[in-house]
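Only one structure is covered here, and it is reproduced in the block below.
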Amino acid sequence: MAELNTTDGQSPPPQPPLPKGGSYEVFPYAAGATRRDTPYNPKTIISQRIAVPSRRDFLRRSGNGFGLLGLSYLLQNEARAAKPSNPLAARPGHHPARAKRCIFLFMTGGPSHIDLFDPKPLLNRLDGQPVPESFGKVDGQFVENDPLCLGSHRRWGKYGASGLDMSDLVPHLHKHADDIALIRSCAADSVVHAPAMYQMNSGRVFMGYPSLGSWVTYGLGSESDDLPAFVVMTQPEGTPEGGAPCWGAGFLPANYQGTLFRNGPNPIINLRPSAEFSPDQQRRTLDLLRAMNEQDLDANDTELSARIASYELAFRMQSAAPEAVDLSRESEATKRLYGLDDPKTAEFGTRCLLARRLAERGVRFIQLYSGGGPVAIQWDAHDDVDANHEKMCGLTDKPVAALLTDLKRTGLLDDTLVVWGAEFGRTPASQKGGRGRDHNAAGFTMWMAGGGIKGGTVVGATDEIGLKAVEDRAHVNDIHATILHAMGLDHKQLTHLHNGRDERLTDVGGRVIKQLWG
Amino acid sequence: MALVSRTTALLIVMSSLLCAAVLGGEPAIESQGVAPPESFTKEQRAHWAYQVPQRPGLPDVKEAGWVRNPIDRFILAGLEESGLPHAPAVDRVALLRRVTFDLTGLPPNPAEAEAFLNDPSPDAYERLVDRLLTSPAYGERWAQHWLDLAHYAETNGFELDAERPDAWRFRDWVVNALNADMPYDRFVTLQLAGDEAEPGDTNALIATGFGRCGPREVVGGNADPAVKRQSELTEITGTVGSVFLGLTVACARCHDHKFDALPTTDYYRLQSFFAASQLVEKPLATPAEIAAYAAARKAIAEKTAPLRQQMAALEGPYRKALTDAKQAQLTPAERAVLAIPPTDRTPAQKRLAEGFASTLKVSWEEVAEAVAANPADHETRERLKRAIHEIERTLPRPPAHAMALVDQGKSAPDVFVYRRGDPKNRGPKVAPHPPGIVLASLSTAAFPESISSTPATTGRRLALARWLTRPDNPLTARVIVNRLWQHHFGRGIVATPSDFGVRGEAPTHPELLDWLATELVAQEWRLKPLHRLMVTSAAYRQSSHADPKLVADDPDNTLVGRMSRRRLDAESVRDAMLAVSGDFNSKAGGPGVLVPIEKEIEDLIFTEAEVVDLWPETPDPAEHFRRSLYLYRKRNVRYPMFDAFDAPDTQTACPQRGVSTHALQALVLINSDFAAARAKALAGRFFREAPANDAARIACAYRLVLIREPKASEVEQTLRFLDAQTDLLRKQADAGKILAQPGFRPESVDEARAAAWVDFALAMLNRNEFIYVP
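These protein sequence lines map, in sequence, to chains A and B. Numbers 19 to 536, taken from the numbering used here, label the letters of the first sequence in order. Numbers -4 to 769, taken from the numbering used here, label the letters of the second sequence in order.
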């Protein structure tokens, strides 16, 4: 058994006497009102009045993990301790969290680190020449026999007290050089979009595994009572490659899946009834439903009680979600900051501003996808890296910088982790000798800010042409372990039994990049 | 005890330790020949699931009067041994709803319900069961369970998520096989090796589509063919292992199984059965059908040609301007290269020119954007685009193919263990062979020394199927009877239905499991007699309301001293709403139906092309009311209702669905257009079927939705609601608001009152009593 690790110095709450035959394990979220005092740990031992060994075995070994009986049991226990509550109720992690929430800015298609954050003077000198063999094979999606080097045409500078390298593609970000930490040694396992998207989101190159946001909400619940815990906002022009499995719950219960927020006043699907049903009218219908559902309800029947409660939450969500996305109370200055007054930046700016509003309202994990649908609206710069990135940075740079500025001035940045990155980066070689770059999973840059991260830090390095990570390689598993760590979760302890295996986000890998915190 | 730490470094150390521990011998050493089979320790071989099931005697019980069939003896013996009571018999209405949903996935229809409830004969229930088992809905219901395992969908998944126009033929094959009560041994054999077992038979070929159901990555570029091939084989091998054998063999792909005696060699031996198998679309259409399709295509191309020419003419100047602008950006050096005639270019120059070509390429988005600057041209372009689309959508479905898994010839490529699952890291060579630990309990003749091939095929898959369906195979029959039990009783005798290994749950009633497994074989592998046994048992006819002592002492109901209440699964929620509202269309079979979906769901369809309609709804609205099984299943774009109610994501085999409770379910059931339409139709039914008065309508509502009469208090509650709601709605109507109207409204009822009935109908469809089966 794993040890009981108290995180807050408090002693565990008094437990009812142990029945003969000893204690057994229960699902970690099961302790209801005592949750906050009982450290989260999948192996936590909590004694219960009823002890039947098969239950422990079932919970631990169930082919479907936390499935049918798991959830009803969870609800039972929540009810035992208090009235039935939201299964997404907030709960503490494994260790004190640096960040209470995370905003993941996903640049679909793969931005070029070599043109943004990782200058390579040697590459410019080699421009047009074959990639020297000493750097190894250039493994893109469209492998070429003798790839040619493509130098970066960007102007570079060193910014902030830390002198962080950034190119002229991200002018607004320059002033945040001392807020962000670059991880220049990121690495993934696939050079094809969809598998790489799945991996950066779920740890595996396959479909069907729970996404990062699902794992985080599974581990921590939500701080909001009337909004989803995990919100995803995609590019209006289309879905990112790989689609909805990127924010799916995989084999975790469905309530941990990402909820898609769309534009407009009703961001959640089916949030409002059609115009034929007024709010007053619906309230009365729900009152009738509640009365009908409660009439023969056994007070101990927690599953049905939870279902009744879910309607009340749904009703609250109908007003909470539109309020959360209503920007009318934001000042003109704020709107300008995010570029809402400029057609180029208005769209992503709106989503970044929404991200801040959702963060303020306790949403645990917020993911924004820049890029999706038509190739022209992705970071997938096969044809002309400068033209593509000038456009994509033009859409996003100001809003991203504004989000950092805004989070900082409201103090939210202290406990909000902001992550910027993509499924992979791009090759130092030109694609077919042209101006574009192919996919490169062997080395690329992501950055993180907030959540106590030491700004201006640079972790890891690629080789002299930016092809491969050569120092402090940060595999996707490591990045995930780091994000979980920031949020108070131990990636090795955050597990879910599925088909006989204790699955976790980081599979068999994962190393926390501690340098980020200095 | 679970192994908690799984760092890579540790894994390597542990693998070598476990290798010795698990296999009870030294690890296989690479040699020129085929790796010899491993030997296993006595302890490893002793695991219950690897023993050949023996027909047990029926246990003695005290309360013999409770027993209806042999199942009950095993259940009662367990309860009596623990000193626990069984639950009382369930009431007839609850039993009717339970067995109807279990066997058909649908609610009882009121006429049949009345017939059963008023039938005093002692075998009324048995006759009901027989009728349900012969209903076509039985095959449709149980096909869904099977398709969950196969993880069936009608698109590939991954980034392009392209359509599989012939996938539905496999779905229909499963429905028909189950309805015909095809013996399970044959059911397995045809899905693994229909082409080898019955060469030339179209249906048998379609059955091999089992191995084609899962996601498949189809993408351009230079993906390593060996890696690609491995991911195909991994998908098939893992599915076969978990679905038929109930073993988590996929765990042994990269390393010896950490818990079960499944060495990596055995994983690749199992994979070897499929080494020659290719994923192919075998033509089924007649030459006439193929010719007709080609003619239709040609006719459409001819019709669209002038429109395309107009489009090209309109776009021409824009394209040229875009190209010129791009060309202007080239450096003089680059332009110099392009100026050299293609035939005179050096290889390096050729590459550069090719690269510039992609830089100079003008995409449709750029053209569309440029044209949009001129409203008149934009409008013309949009009109042409739609006109082309309208013509092209009349194209008939492509000629029929079987999505098959067949061998490429009589020999298969050598199969090697890939260390850590990496095709570049070859281990010893292996030959097709069932997992050694399972084979250990059988006679040496259980699997042939050599597999006989024909000129067309290796015969490997057939050899695997023959072995799987041997009556003495320790796993096959146990695994399937356990799945049946799980779907009827809510929990398997083995609670981990796809993991019968040492880490899986031990059976709660091992003798019952063996009795059922041997009974299946004795019934010549027919499943319907097994269903009948299960649902006519006294155990199945228990109430789910149980003695508090029993609940306290056996909270998970492992002893089956009561029935477990269950929530309807996602498909049944939709189908039941359609059924009670009278809209349900019971038409069977055919290509998946595209029902209307929310705009934001359509937006989730990934495309890089300019597509006018990404979700071409099936035109006939009656098709939109077909059974959920027949809805088009796009792997990456799921229906919100199914998504909310825990339908599996079709990415991996799903042996048991989760049951979650959350607010998005409530939103779907109270706010979706689908729910509103069902409430309107249902309210219309009240008026049509109970024209007399409100009391009759309320009774009608309860009979339709809950198969029971309302209590007096419920009638009163409903009337109070209707009166108050009518007042509110009348005020809204006076204020000019449009009210929801039932599908049918007599003249004597005003709109406000009728709208109140719609709200009542909606509430009824959201009731716990409707969404749960007792």
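Idealized CB from N, CA, C, for every residue including glycine.
Once the 5 residues before and after residue 394 of chain B are set aside, which same chain residues still bring their CB inside 8 Å of it?
To locate residue 394 of chain B, count along the second sequence from 1; it is residue 399. Excluding residues within five positions, the ones whose Cβ falls inside 8 Å are 278, 279, 280, 284, 285 and 288.
heavy atom of the ligand GDP below 7 Å from residue 151 of chain A C-beta:
This structure lacks the ligand GDP; in fact it carries no ligand of any kind.
Residue closest to residue 741 of chain B, alpha-carbon to alpha-carbon, out of B:238, B:427 and B:688
For the purposes of this step, residue 741 of chain B is identified with residue 746 of the second sequence, where counting begins at 1. Between residue 741 of chain B and the set B:238, B:427 and B:688, the nearest pair of CA atoms involves B:688.
According to DSSP, simplified to helix, strand and coil, what is residue 149 of chain B?
As a first step, residue 149 of chain B must be located in the second sequence, where it is residue number 154. Reduced to three states, the DSSP call for residue 149 of chain B is coil.
Partners in chain A for residue 635 of chain B, counting only beta-carbon separations shorter than 7 Å:
Sequence index remark: in the second sequence, residue 635 of chain B carries index 640 (1-based). Neighbours of residue 635 of chain B on chain A, chain order: 287 and 288.
For residue 214 of chain B, would you say it is in contact with chain A, using Cβ-to-Cβ distances shorter than 8 Å as the test?
Against the second sequence, residue 214 of chain B aligns to sequence position 219. It does; some Cβ of chain A falls within 8 Å.
Residue 657 of chain B at chain A interface by Cβ criterion, 8 Å:
Locating residue 657 of chain B in the second sequence gives position 662, counting from the first residue. Answer yes: the Cβ-Cβ gap between residue 657 of chain B and chain A drops below 8 Å somewhere.
Measuring CA to CA, which of A:185, A:323, A:123 and A:153 is closest to residue 136 of chain A?
Working through the first sequence from its first residue, we reach residue 136 of chain A at position 118. Closest option to residue 136 of chain A, Cα to Cα, is A:185.
Check whether the stretch 230 to 250 of chain B and the stretch 159 to 168 of chain B touch, using three or more Cβ-Cβ pairs below 8 Å as the test.
Judged by Cβ distances under 8 Å, the stretch 230 to 250 of chain B makes no contact with the stretch 159 to 168 of chain B, as fewer than three pairs qualify.
Could you tell me whether the Cβ of residue 647 of chain B comes closer than 8 Å to any Cβ of chain A?
Here the question's residue 647 of chain B lines up with position 652 in the second sequence. For residue 647 of chain B, the answer is yes, since a Cβ of chain A falls inside 8 Å of its Cβ.
Closer than 7 Å between beta carbons: that is the criterion. Which residues of the stretch 446 to 467 of chain A meet it against chain B?
Flagged, chain order: 448, 449, 450, 451, 452, 453 and 454.
Buried or exposed (CB count within 10 angstroms, at least 16 for buried), residue 95 of chain B
Here residue 95 of chain B refers to the residue found at position 100 of the second sequence. Classification for residue 95 of chain B: buried.
For the candidate residues B:439, B:712, B:503 and B:559, whose alpha-carbon lies nearest to that of residue 32 of chain B?
Start at 1 with the first residue of the second sequence, and residue 32 of chain B comes out as number 37. The shortest Cα separation from residue 32 of chain B among B:439, B:712, B:503 and B:559 belongs to B:439.
Enumerate, from N- to C-terminal direction, the unbroken beta strand (DSSP E) stretches of 3 or more residues contained entirely within the stretch 247 to 311 of chain B.
272 to 278
Distance between beta carbons of residue 239 of chain A and residue 109 of chain A, contact taken as under 8 Å:
Along the first sequence, one-based indexing puts residue 109 of chain A at 91. Along the first sequence, one-based indexing puts residue 239 of chain A at 221. That belief holds up - the Cβ atoms of residue 109 of chain A and residue 239 of chain A are roughly 5 Å apart, short of 8 Å.
When DSSP builds the beta bridges, which residues end up paired with residue 124 of chain A?
Indexing the first sequence from 1 puts residue 124 of chain A at position 106. Answer is A:387 and A:439, bridged to residue 124 of chain A.
Distance, Cα to Cα, residue 159 of chain A vs residue 187 of chain A?
Taking the first sequence and counting its residues from 1, one reaches residue 159 of chain A at position 141. Taking the first sequence and counting its residues from 1, one reaches residue 187 of chain A at position 169. Taking the straight line from one Cα to the other gives about 25 Å.
By how many angstroms is the C-alpha of residue 560 of chain B removed from the C-alpha of residue 322 of chain A?
Along the first sequence, one-based indexing puts residue 322 of chain A at 304. Along the second sequence, one-based indexing puts residue 560 of chain B at 565. When rounded, the distance between both Cα atoms is 11 Å.
Near residue 534 of chain A, what residues of its chain come up, given a Cβ to Cβ distance below 7 Å and the 5 sequence neighbours on each side ignored?
Within the first sequence, residue 534 of chain A is the residue found at index 516, counting from 1. Result list for residue 534 of chain A: 199, 466, 471, 472, 475, 477 and 500, in chain order.
With a 10 Å radius around its C-beta and 16 neighbouring C-beta atoms as the bar for buried, classify residue 709 of chain B as buried or exposed.
Here the question's residue 709 of chain B lines up with position 714 in the second sequence. Buried, by the Cβ-count rule.
Can you give me, in chain order, the residues of the stretch 715 to 727 of chain B that have a beta carbon less than 8 Å from any beta carbon in chain A?
Across the stretch 715 to 727 of chain B, CB contacts with chain A closer than 8 Å involve 716, 719, 720, 723, 724 and 727, in sequence order along the chain.
Measure from the alpha carbon of residue 356 of chain B to the alpha carbon of each residue in B:339, B:342, B:370 and B:320, then state which is nearest.
Reading the second sequence from its first residue, position 361 is the one you call residue 356 of chain B. Selected option, being the one with the closest Cα: B:320.
Measure the alpha-carbon distance for residue 202 of chain A versus residue 496 of chain B and round it to whole angstroms.
Taking the first sequence and counting its residues from 1, the one referred to as residue 202 of chain A is at position 184. Taking the second sequence and counting its residues from 1, the one referred to as residue 496 of chain B is at position 501. Distance between the alpha carbons of residue 202 of chain A and residue 496 of chain B is about 44 Å.
So, is residue 268 of chain A buried or exposed, given that buried needs 16 or more other C-beta atoms within 10 angstroms?
Here residue 268 of chain A refers to the residue found at position 250 of the first sequence. Residue 268 of chain A should be labelled buried.
Given this structure, state the Cα-to-Cα distance separating residue 117 of chain B from residue 478 of chain B, to the nearest angstrom.
Residue mapping note: residue 117 of chain B aligns to position 122 of the second sequence, counting from 1. Residue mapping note: residue 478 of chain B aligns to position 483 of the second sequence, counting from 1. Between residue 117 of chain B and residue 478 of chain B, the C-alpha separation is close to 30 Å.
Kindly say whether residue 131 of chain B, judged by its beta-carbon, lies nearer than 8 Å to any beta-carbon of chain A.
Numbered from 1 along the second sequence, position 136 holds the residue referred to as residue 131 of chain B. It does not: the Cβ of residue 131 of chain B has no partner Cβ on chain A nearer than 8 Å.
When DSSP labels each residue in this structure, what does residue 204 of chain A get in the three-state scheme?
The sequence position of residue 204 of chain A within the first sequence is 186, counting from 1. In the structure shown, residue 204 of chain A sits in a strand (DSSP, three-state: E or B).
Residue 175 of chain A - partner residues in DSSP beta bridges
For the purposes of this step, residue 175 of chain A is identified with residue 157 of the first sequence, where counting begins at 1. Partner(s): A:184.
Can you list, in chain order, the residues of its chain whose CB lies under 6 Å from that of residue 138 of chain A, leaving out five sequence neighbours each side?
By 1-based counting over the first sequence, the position of residue 138 of chain A is 120. Taken in chain order, the residues that qualify are 132, 483 and 484.
Residue 205 of chain A versus residue 270 of chain A: straight-line alpha-carbon distance, rounded:
Numbered from 1 along the first sequence, position 187 holds the residue referred to as residue 205 of chain A. Numbered from 1 along the first sequence, position 252 holds the residue referred to as residue 270 of chain A. When only Cα atoms are considered, residue 205 of chain A and residue 270 of chain A end up about 26 Å apart.
Can you grab the Cα-Cα spacing for the pair residue 209 of chain B / residue 132 of chain B, in whole Å?
What you label residue 209 of chain B is simply residue 214 of the second sequence in a count that begins at 1. What you label residue 132 of chain B is simply residue 137 of the second sequence in a count that begins at 1. Their Cα atoms are separated by approximately 25 Å.
I want to verify the contact list: residues of chain A whose CB lies under 8 Å from the CB of residue 632 of chain B, in sequence order.
The count along the second sequence starts at 1 and reaches residue 632 of chain B at position 637. Simply 261 and 262.
Can you give the Cα-Cα distance for residue 384 of chain A and residue 528 of chain A, rounded to whole angstroms?
By one-based count along the first sequence, residue 384 of chain A stands at place 366. By one-based count along the first sequence, residue 528 of chain A stands at place 510. Straight-line Cα distance between these residues: approximately 22 Å.
Among B:626, B:598 and B:538, which residue has its Cα nearest to the Cα of residue 580 of chain B?
On the second sequence, position 585 is the one that residue 580 of chain B refers to. Residue 580 of chain B has its Cα closest to that of B:626, out of B:626, B:598 and B:538.
Which parts of the stretch 419 to 505 of chain B are runs of the beta strand (DSSP E), unbroken and 3 residues or longer, counting only runs that do not cross its ends?
As summarised for the stretch 419 to 505 of chain B, the continuous beta strand (DSSP E) elements at least 3 residues long and confined to that stretch are 421 to 425, given in chain order.
When the Cα atoms are used, what is the spatial distance from residue 550 of chain B to residue 80 of chain B?
If you number the second sequence from 1, residue 550 of chain B lands on position 555. If you number the second sequence from 1, residue 80 of chain B lands on position 85. Cα to Cα, the separation comes out at about 14 Å.
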